[in-house]
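Scroll down for the structure; my scribbles are underneath it.
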Amino acid sequence: MIKISPSILSADFARLGEEIKSVERAGADAIHVDVMDGHFVPNLTLGPPVIASLAKVATVPLDVHVMVAPIDHYISDYVQAGANYLTIHAEATHHADRALTLIRQLGAKAGIAINPGTPVAAIEDLLHLSDLILIMSVNPGFGGQSFIPRALEKIKAVREMIDDRGLNVELQVDGGIKPDNIFAAAQAGADFFVAGSAIFSQPDYRTVIGQLKEQGTAGKTARR
Ligand code: DX5
Ligand code: ZN
Numbered sequence: 009m010i011k012i013s014p015s016i017l018s019a020d021f022a023r024l025g026e027e028i029k030s031v032e033r034a035g036a037d038a039i040h041v042d043v044m045d046g047h048f049v050p051n052l053t054l055g056p057p058v059i060a061s062l063a064k065v066a067t068v069p070l071d072v073h074v075m076v077a078p079i080d081h082y083i084s085d086y087v088q089a090g091a092n093y094l095t096i097h098a099e100a101t102h103h104a105d106r107a108l109t110l111i112r113q114l115g116a117k118a119g120i121a122i123n124p125g126t127p128v129a130a131i132e133d134l135l136h137l138s139d140l141i142l143i144m145s146v147n148p149g150f151g152g153q154s155f156i157p158r159a160l161e162k163i164k165a166v167r168e169m170i171d172d173r174g175l176n177v178e179l180q181v182d183g184g185i186k187p188d189n190i191f192a193a194a195q196a197g198a199d200f201f202v203a204g205s206a207i208f209s210q211p212d213y214r215t216v217i218g219q220l221k222e223q224g225t226a227g228k229t230a231r232r
């Protein structure tokens with residue numbers, strides 16, 4: 009099955025707890041939390057204290073995407089705060105092998121992300137240490153940007169690597185995902201979809217999450 013992870017970057021920050029409850033009731037499989045440091049990306053969001061508060065409210069896994077560099081020294085803070093998945097950027101550490109191993113040792117699922125300008129070769133020697141690969145389909149920093157089509161080729165390439173090696177790794181895509189392009193991303197091989205503005209811009213979260221799941225499942229079926 010495919011998973012939908014609403015990005016709370018586009019939620020109402022004054023009502024984050026309620027927003028999480030609403031998307032959970034609407035069918036969210038995880039909650040995507042974008043941590044931005046104003047250095048690795050040109051925007052600043054939230055950190056471990058807010059994640060700890062969200063962890064008390066959420067009943068689905070917290071899918072924490074840290075856009076922080078260097079990340080190494082902060083990993084344990086995020087896992088202790090309640091990140092169930094902790095996805096770091098390949099561009100944000102010199103020691104991704106060590107960092108992913110540490111995330112797993114701390115008891116979280118280890119994710120590795122690559123920016124649109126980073127080739128898939130950057131994660132080739134990290135697949136066996138990862139529970140999730142994140143292909144960025146926008147340049148990170150902001151919600152509401154357009155999907156970069158080149159990401160589809162990267163998803164296909166990583167899907168092949170995962171399947172060739174028989175690994176159990178989730179393949180996530182983040183940025184500009186909408187009901188009208190999720191089919192293509194799923195057909196390319198993604199199975200875990202982040203969507204921010206597509207969900208939170210709508211009055212009825214259930215309808216849009218339903219559309220995303222329907223189109224995503226159809227795309228995954230078409231791949232076979
Ligand atoms: C971008 C973030 C995304 C963002 C996605 O830097 O990593 O998670 O919230 O938002 P949409 O779906 O609006 O592109
Ligand atoms: Zn994200």
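Here my numbering = 1-based position in the sequence shown + 8. C-beta: ideal position from N, C-alpha, C; glycine also.
7 Å Cβ shell around residue i - same chain, five flanking residues per side excluded
| i | result |
| --- | --- |
| Ala-19 | Glu-27 and Phe-208 |
| Asn-189 | Phe-155 |
| Ile-111 | Ile-83, Val-87, Leu-94 and Ala-118 |
Contact test: residue i Cβ vs ligand 2 heavy atom, cutoff 6 Å
| i | result |
| --- | --- |
| Asp-45 | no |
| Asp-42 | yes |
| Asp-139 | no |
| His-81 | no |
| Asp-171 | no |
| Asp-182 | yes |
| His-73 | yes |
beta-carbon residue i near ligand 1 non-hydrogen atom, thresh 6 Å
| i | result |
| --- | --- |
| Val-202 | yes |
| Pro-17 | First, the amino acid is wrong: residue 17 is Leu here, not Pro. At least one heavy atom of ligand 1 is nearer than 6 Å to the Cβ of Leu-17, so yes. |
| Pro-57 | no |
| Gly-152 | yes |
| Gly-35 | no |
| Ser-84 | no |
| Ser-30 | no |
| Gly-149 | yes |
| Ser-61 | no |
| Ser-205 | yes |
Heavy atom of ligand 4 within 6 Å of residue i beta-carbon
| i | result |
| --- | --- |
| Glu-27 | In the structure shown, ligand 4 is absent; the only ligands present are ligand 1 and ligand 2. |
Secondary structure of residue i, DSSP reduced to three states
| i | result |
| --- | --- |
| Phe-200 | strand |
| Pro-14 | strand |
| Gln-180 | strand |
| Lys-117 | strand |
| Met-9 | coil |
| Asp-45 | strand |
| Ile-207 | helix |
| Leu-140 | strand |
| Thr-109 | helix |
| Arg-158 | coil |
6 Å CB neighbourhood of residue i in its chain, flanking five on each side removed
| i | result |
| --- | --- |
| Gln-180 | Leu-140, Leu-142 and Phe-200 |
| Ala-77 | Phe-48 and Ala-100 |
| Ala-165 | Val-128 |
| Val-31 | Pro-14 and Tyr-213 |
Pairwise C-alpha distance: residue j and residue i
| i | j | result |
| --- | --- | --- |
| Ala-121 | Pro-211 | 30 Å |
| Gly-46 | Tyr-82 | 15 Å |
| Ile-131 | His-103 | 12 Å |
| Ile-163 | Ile-185 | 14 Å |
| Val-72 | Leu-17 | 11 Å |
| Ile-96 | Val-74 | 5 Å |
| Gly-55 | Ser-61 | 11 Å |
| Asp-171 | Ala-193 | 16 Å |
| Ala-118 | Gly-197 | 19 Å |
| Met-9 | Ala-63 | 24 Å |
| Ile-79 | Tyr-93 | 15 Å |
| Lys-11 | Lys-221 | 8 Å |
Spatial neighbours of residue i in its chain, beta-carbon cut-off 8 Å, leaving aside the 5 residues before and after
| i | result |
| --- | --- |
| Arg-173 | Leu-135 and His-136 |
| Phe-191 | Gln-223, Gly-224, Ala-226, Gly-227 and Ala-230 |
| Arg-158 | Pro-124 |
| Thr-53 | Leu-17, Asp-42, Val-43 and Met-44 |
In DSSP terms, what residue i is bridged to
| i | result |
| --- | --- |
| Thr-95 | His-73 and Gly-119 |
| His-40 | Ser-15 and Asp-71 |
| Leu-52 | Asp-45 |
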